[in-house]
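Trainee: The structure follows.
Numbering (my numbering), first residue to last: 2 to 166.
Structure representation (C-alpha cells):
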C-alpha cells in the first residue's frame with residue numbers, strides 16, 4: 002500500500018494503481034478508510050503541489066489497524082504519527098477533544114487520553130474518529146498592502162525594459 006499525505010499531513014491519498022507517472026488514487030481518512038471516488042492523476046503533479054510519500058511503516062501500521070490487530074508496534078507507530086499531540090479530534094457523538102497522550106496498547110484496542118472541555122478522558126480509538134484541521138496550520142497568510150502608484154510604475158517600467166523575460 003502506498004500513501005501520500007498533503008504538506009500539512011491532514012489529508013491522505015492511497016495509490017491503487019501506478020503506471021509510470023500516471024496513478025489511480027483515492028482519498029482516505031486518517032485511519033485508512035476510503036472516501037469519495039478514485040481518480041487518475043500524474044504523481045509528479047501531486048508532488049509539485051506539496052503531496053509527499055508517507056513512510057512505509059505508517060502505511061503498514063494503518064493496514065494492520067484496519068485489520069483489527071491490537072498488539073503491533075507498527076500500529077502504535079502509525080497512530081503516533083497520524084494523531085499528534087495537541088491535535089483536535091471530532092468524536093462520533095459530536096464532541097471535540099484535543100489529544101493529550103499517545104495511543105496506549107491494550108488487549109482490546111488502542112486508547113488515548115483526550116482533553117474535552119478541560120477534562121481528561123480515556124477513550125478507545127475507533128474508525129469514526131475524525132482528525133480535525135489544526136488552527137495553527139489554517140491561520141490566514143499575510144497579504145501585503147496593494148501596490149502604490151509608484152510601485153506599479155516601477156513594475157511597468159521594468160516589464161517594458163525586460164521585454165517579456
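Note that beta-carbon positions come from the ideal geometry of N, C-alpha and C, so glycine has one too.
#1: In whole angstroms, give me the CA-to-CA distance for residue 134 and residue 88.
#2: Have a look at the DSSP bridge pairing and note the partners of residue 116.
#3: From the DSSP output, in three-state form, read off residue 12 for me.
#4: Are there three or more Cβ pairs, one per stretch, closer than 8 angstroms when the segment 78-92 is compared with the segment 150-162?
#5: Could you give the distance in angstroms between the alpha-carbon of residue 157 and the alpha-carbon of residue 52?
#6: Any idea what DSSP makes of residue 53, helix, strand or coil?
#7: Since residue 159 is in the alpha helix (DSSP H), which residue starts that stretch and which ends it?
#8: Among 117, 111, 115 and 119, whose alpha-carbon lies nearest the alpha-carbon of residue 125?
#9: Which same chain residues, not among the five before or five after residue 105, have their C-beta less than 6 angstroms away from its C-beta?
Mentor: Short version:
#1: Taking the straight line from one Cα to the other gives about 8 angstroms.
#2: Note: residue 116 sits in a beta bridge opposite 99 and 121.
#3: In the structure shown, residue 12 sits in coil (DSSP, three-state: anything other than H, G, I, E or B).
#4: When C-beta atoms of the segment 78-92 are compared with those of the segment 150-162, fewer than three pairs fall below 8 angstroms, so the two segments do not count as touching.
#5: Distance from the CA atom of residue 157 to the CA atom of residue 52, rounded to whole angstroms, is 36 angstroms.
#6: If DSSP states are grouped into helix, strand and coil, residue 53 belongs with the strands.
#7: Where residue 159 is concerned, the enclosing alpha helix (DSSP H) stretches over 150-163.
#8: Minimum Cα distance to residue 125 is reached at 111.
#9: So the list reads 112, once near-sequence residues are dropped.
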